[in-house]
Amino acid sequence: MLSLGKIDHIHIRVTDLAKAQGWYQRVLNLAPDTRYKHMQSGPHGVVMLMNSNGSVRLAISQEDKPVCEPGSVAFLVSGQDFLEWIDQLAGERVIDRAGQTVARDSVVDHQFFCSISFVDPFGNPFEIVSYDHTWLAGKLKLASKPA
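Per this note's numbering, the sequence shown runs over residues 992 to 1138.
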């Protein structure tokens, strides 16, 4: 039976990215994780913050107006489990945020990790993430897609 490993990160939407980054660093002692620097640019840029041992990660992104909907919860799994989760989600006809059924071509290659995003029946967003990137890239024949 499939099992989720642990929570990888939680998305937090803010109206002022610089102010939020300063607050999270000052108050919660969360600093930017430089491995994710390439994900900061673009209209949906994300700054990944983490604690000193990497056990807590928040992905903060800026929105133009206040957002009341929750950010997504990302679960961490192994590469093999990642493939099995894709098949499980596809078999259950789970959809992504765009309303498309999750499939192996829904995987996003973030250069050193892979993710698959989906929503529950109420629109709450989730992700499954694996850092077994090299292995998954070979198995899925991934071509990098923008994050």
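Cβ atoms here follow ideal geometry from the backbone N, Cα and C, with glycine treated the same way.
Predicted model, so just to flag it, every value in this text is computed and none were measured.
The region 1089-1096 makes no contact with the region 1030-1047: fewer than 3 CB pairs, one atom from each, lie closer than 8 Å. If you look at Val1018, you'll find it in the alpha helix (DSSP H) that goes 1008-1019. In this structure, Ile1051 and Leu1008 form a Cβ contact; the two beta carbons are roughly 7 Å apart against a cut-off of 8 Å. Take Ile1003, set aside five residues on each side of it, and the residues of its chain with a beta-carbon closer than 8 Å to its own are Ala1011, Leu1049, Ala1050, Ile1051, Ser1052, Gly1062, in chain order.
Residues Leu993 of the same chain have their beta carbon placed closer than 8 Å to that of Glu1075, with the five preceding and five following residues left out of the count. Under the 8 Å Cβ criterion, the region 1081-1092 counts as touching the region 1103-1113, having at least three qualifying pairs. Among the bridge pairs identified by DSSP, Thr1092 is matched with Ile1086. Bounds of the beta strand (DSSP E) holding Lys997 are 997-1005.
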